[in-house]
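Quick mapping for you: the protein sequence lines, in order, are chains A and B.
Residue 121 in the numbering used here sits at position 121 of the first sequence; the count goes up by one each step and never skips.
One rule links them: number in the numbering used here = place in the second sequence (from 1) + 1000.
Read through the structure below, which is laid out as structure tokens, and then see the notes.
There are 2 protein chains.
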Amino acid sequence: MRLVVVGGVAAGTKAASRARRVDPGMEITVYQEEPEPSISECGLPYLLSGMVEGRDRLVARTPEKFAEQDIEVRVRHRVEKIHPATKKLSVRDLLTGEAFEDSYDRLVIATGARAVLPPIPGADLDGIFGLRFLTDADRIMAYVGDRSPKKAVVVGGGYIGLEVAENLCRIGMEVSLIEGEDRVALGYGPEVSEKVEAELERNGVHIFTGERVEGFVGDGRVRGVEFGGGKIEAELVILGVGVKPSVGLAQEAGAKIGPTGAIRVDGRMKTSLPDVWAAGDCVETVNLVSGGPAWVPLGDTANQMGRVAGTNAAGPAGEQVLEFPGVLGTGIFKVYDLGVAKTGLSEKEAAEAGFEPASASVDARDRAGYYPGAEKVFLKLIADADTGRLLGAEAAGSGADKLVDICATALWGGLSYPDLVNIDLAYSPPYGPALSPVIQAATILAGRFDRAREGVRAAE
Amino acid sequence: MRLVVVGGVAAGTKAASRARRVDPGMEITVYQEEPEPSISECGLPYLLSGMVEGRDRLVARTPEKFAEQDIEVRVRHRVEKIHPATKKLSVRDLLTGEAFEDSYDRLVIATGARAVLPPIPGADLDGIFGLRFLTDADRIMAYVGDRSPKKAVVVGGGYIGLEVAENLCRIGMEVSLIEGEDRVALGYGPEVSEKVEAELERNGVHIFTGERVEGFVGDGRVRGVEFGGGKIEAELVILGVGVKPSVGLAQEAGAKIGPTGAIRVDGRMKTSLPDVWAAGDCVETVNLVSGGPAWVPLGDTANQMGRVAGTNAAGPAGEQVLEFPGVLGTGIFKVYDLGVAKTGLSEKEAAEAGFEPASASVDARDRAGYYPGAEKVFLKLIADADTGRLLGAEAAGSGADKLVDICATALWGGLSYPDLVNIDLAYSPPYGPALSPVIQAATILAGRFDRAREGVRAAE
């Protein structure tokens, strides 16, 4: 039995390792285009500032380590075609240029996602980079080493753009961030976006929102960015305008693609092709709150999907297999001292999904007020006005990660706001106010719902 | 309509405030023996070291503040008798010694808990204190100011004893902690107890476990503590050997007392007496994991119970009222840099409750391994071997509060270990490893359960 995995970052390597545990005798090969497998891509922004010291720290496992587990990892190899009828693969060695054929009994596609480079004039100038792979970081750092750019522009105010802006600013560059929409961090409500912008500006990052980049100018190398009728100087540009699932290989082989543009899989991470599974940033899953399709290219989810795909791809056919239930849309990032996290749906997303959202916010502290060092944290809970069911939460400030993880677990358990009013969380003065901000916000929601019901009763 | 609340700390003041919100016209009086109401008792250990600066910071609300809400708070008054048949109260003004009668339409008993002073010879010497009320802290601090004790002994290795040991050590005292059982923090498994002892010892606290105090010796003032056939010097002794519910008043009035020794209430916090509710450290509730009775004297629970009791006591009879569902047994404390938390049942408690517990532990980090400043955290999950249902969790280290709050929410939602394998928590390098320690531990449990099932199948 031979398992081939296409793609060797989070989902692919996890699938291979899991398959090895399930079936010690299986032949397992991983093909990977980039020169290293098993990269912690979420750490890339921190490499730029040196906060993460040394690129090798982001290589979680080398091919030699995989070999010890009897998993063959072939880097600098591109799988160019899948032939599902014959279970053959066309592969190219990117170092020698040589093409050859391989075959599989079971296949896992983990081709990930790729940076979207916008069709902006001048986007091919030197000094303009995406940041998706470790090799991108290598190229950026080499360019910074050679050219010592003083002024940088980051295009895009999503997670990566925001993290890159901080990290370039930390090493002394003058950084401007340009976002086409009217605020950064669009997955969140406006209160959170405002805090993120304020935190970056407080630390010296210039923020331009509602501005579309019209062009990059330069003389071979980038010198400036044009937008809003004007121009700012830039010796380095990072494009953080988004990623797209890499589905070409799967699509060409006939695998079904979902409405999000990612590969459609069933609950067992199986594609529409026989004996082909897929996992990670290239697949579509379900948002468990909205019930709709979701594409969430995040490292932790990729790991979890890889575990399920690898287990199932290695298991004897017809055996009990693992299910991947879907996601909540949980995410987190940090800009300077501000932690920002969300789970489930924002108010806007909830309305789009057909709910009538009600929300309650609190400006709380991460410790008892009298305990030294207490810092601020904002929390918003979003619930369905009809049923009281929790739909989402977002937080910004100290301990945002904890509050959002509590709410993510509550979403996973299908809890409603009255559950959160009485929930028994851990309290001690160094760890929060006597009643957690989650309980505080739920209690406000309870008051609103009670008043709304009284209003209905009074009107009857 | 007249509401009287007996006891003005967390549950009592919360009940009064909630009643006022529900019924703006109600007459509300709170009687309180201690000189201040609304004390944050959980902050008392930190007052000793000056980490909390100034006793007044622990007074959440003064009687004047309550008066603004039209709530009369009468401090230094003891309710000596409840006459449920006539709805009268015998009250004594502790300043004048005068006795008088009051009456109620609705009554909330929130008499709290009291420190248990063990029957040890010499326990009445000067310099030996319990720590339950703000006035206890006042007396301790006055004694420390007058006598400048250099050597202190703390008796009891529960939450309060451990926190007091740290805080006395912080102000330069040589502190010994004596615990009768063979380890401190008995509500936890032995791994956690070991970490707590190591953290205290690393910071200079001497720990004696498995040692019963045989006597206190001195000349009016305490000079030493005898145990294990020997004696250590002590110029200050804090007894942290536990608390008991204060139920005398309720019991004498005929209220039913539960098996834990605390007042029995129904889900609406109503006692067995007509128009009498009770809340806080004096009542018994349900452990939602074991289904058995639970007595949990903690400030956050008292607040939540007070909210329910106050709302119901103020509501028109027969109206829809709030329920307090019970507790999980969640708790947290800190010794120096070590956060320690638990929720649900420990393995021992689970076995006692009739479960067959299975557990999995991980030694994880609070950040991605490559992100600077990563610190250790230990997590143990306890599940029912029969059904896979989560029964409890305990954690020690950085971010223990977050991990236990996730698990508490999972318990509240009745989740099982497979839920936790796939749960969508917030990941970014500054906030944890790619897979949360909760997911890591659940995955180990999953592997064990799978192997156990395979074992059963193989044997069949």
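Virtual Cβ for every residue (Gly too), placed ideally from N, Cα, C.
Supposed close pair residue i, residue j - CB separation, criterion 8 Å
i                       : j                       : result
residue 1250 of chain B : residue 1278 of chain B : 7 Å
residue 15 of chain A   : residue 310 of chain A  : 3 Å
residue 1400 of chain B : residue 1353 of chain B : Wrong, their Cβ atoms sit about 23 Å apart, outside the cutoff.
residue 45 of chain A   : residue 167 of chain A  : 5 Å
residue 267 of chain A  : residue 323 of chain A  : 4 Å
residue 1238 of chain B : residue 1129 of chain B : 6 Å
residue 426 of chain A  : residue 282 of chain A  : Actually they do not touch by this definition, with Cβ atoms about 39 Å apart.
residue 1381 of chain B : residue 1435 of chain B : Incorrect: roughly 14 Å between the Cβ atoms, too far for contact.
Residue i burial status per 10 Å Cβ neighbour count (16 or more: buried)
i                       : result
residue 1096 of chain B : exposed
residue 387 of chain A  : exposed
residue 1437 of chain B : buried
residue 1256 of chain B : exposed
residue 1461 of chain B : In the structure as shown, chain B starts at 1001 and stops at 1460, and residue 1461 of chain B therefore has no counterpart that could be examined.
residue 1070 of chain B : exposed
residue 40 of chain A   : buried
residue 86 of chain A   : exposed
residue 1197 of chain B : buried
residue 1142 of chain B : exposed
residue 18 of chain A   : buried
residue 1077 of chain B : buried
residue 1347 of chain B : buried
residue 1106 of chain B : buried
residue 1068 of chain B : exposed
Inter-residue spacing [alpha-carbon to alpha-carbon] between residue i and residue j
i                       : j                       : result
residue 1236 of chain B : residue 1117 of chain B : 15 Å
residue 187 of chain A  : residue 404 of chain A  : 14 Å
residue 5 of chain A    : residue 366 of chain A  : 44 Å
residue 1396 of chain B : residue 350 of chain A  : 37 Å
residue 1137 of chain B : residue 1222 of chain B : 18 Å
residue 1469 of chain B : residue 1075 of chain B : This structure cannot speak to residue 1469 of chain B, because chain B is shown only from 1001 to 1460.
residue 1306 of chain B : residue 1254 of chain B : 21 Å
residue 1032 of chain B : residue 1415 of chain B : 42 Å
residue 1246 of chain B : residue 1080 of chain B : 13 Å
residue 72 of chain A   : residue 291 of chain A  : 38 Å
residue 338 of chain A  : residue 48 of chain A   : 19 Å
residue 170 of chain A  : residue 51 of chain A   : 9 Å
residue 37 of chain A   : residue 13 of chain A   : 8 Å
residue 410 of chain A  : residue 440 of chain A  : 15 Å
residue 1297 of chain B : residue 428 of chain A  : 13 Å
residue 1208 of chain B : residue 1359 of chain B : 29 Å
residue 364 of chain A  : residue 1302 of chain B : 20 Å
residue 131 of chain A  : residue 368 of chain A  : 41 Å
residue 1376 of chain B : residue 264 of chain A  : 39 Å
residue 1203 of chain B : residue 1194 of chain B : 14 Å
residue 289 of chain A  : residue 408 of chain A  : 10 Å
Start-to-end residues for the alpha helix (DSSP H) that takes in residue i
i                       : result
residue 93 of chain A   : Per DSSP, residue 93 of chain A belongs to no alpha helix (DSSP H); it is in the beta strand (DSSP E), 88-93.
residue 401 of chain A  : 400-412
residue 1198 of chain B : 1190-1202
residue 1420 of chain B : 1417-1422
Range covered by the beta strand (DSSP E) that runs through residue i
i                       : result
residue 1221 of chain B : 1221-1227
residue 161 of chain A  : Premise fails: residue 161 of chain A lies in the alpha helix (DSSP H), 159-170, not in any beta strand (DSSP E).
residue 1241 of chain B : Run containing residue 1241 of chain B: none; DSSP gives neither H nor E here.
residue 152 of chain A  : 151-155
residue 85 of chain A   : Taken as a continuous stretch (DSSP letters only), residue 85 of chain A belongs to no beta strand (DSSP E), as it is neither H nor E.
residue 1230 of chain B : 1230-1233
residue 185 of chain A  : Note, residue 185 of chain A: premise wrong, no beta strand (DSSP E); not H, not E.
residue 1425 of chain B : Segment: none, residue 1425 of chain B is in no beta strand (DSSP E) and carries neither H nor E.
residue 98 of chain A   : Element bounds for residue 98 of chain A: n/a, residue is neither H nor E.
residue 1329 of chain B : Here residue 1329 of chain B belongs to no beta strand (DSSP E), and DSSP marks it neither H nor E.
Kindly provide the ranges of any beta strand (DSSP E) runs that are 3 or more residues long and lie completely inside the segment 1102-1137 of chain B, ordered along the chain. Counting only runs of 3 or more, we get 1106-1109, 1113-1115 and 1128-1130.
Alpha helix (DSSP H) runs wholly inside the segment 252-315 of chain A, at least 4 long, in chain order: With a minimum length of 4 residues, the continuous alpha helix (DSSP H) runs that stay inside the segment 252-315 of chain A are 299-314.
Which runs of the beta strand (DSSP E) at least 3 residues long sit entirely within the segment 348-389 of chain A? Give them in chain order. For the segment 348-389 of chain A, whole beta strand (DSSP E) runs of length 3 or above, ordered along the chain, are 357-365 and 376-384.
At 3 residues or longer, what runs of the beta strand (DSSP E) sit wholly inside the segment 1002-1081 of chain B? You should have 1002-1006, 1027-1032 and 1072-1075.
For the segment 1419-1434 of chain B, list every residue whose C-beta sits within 8 Å of some C-beta in chain E, in sequence order. In the displayed structure, chain E is absent; the protein chains listed are A and B.
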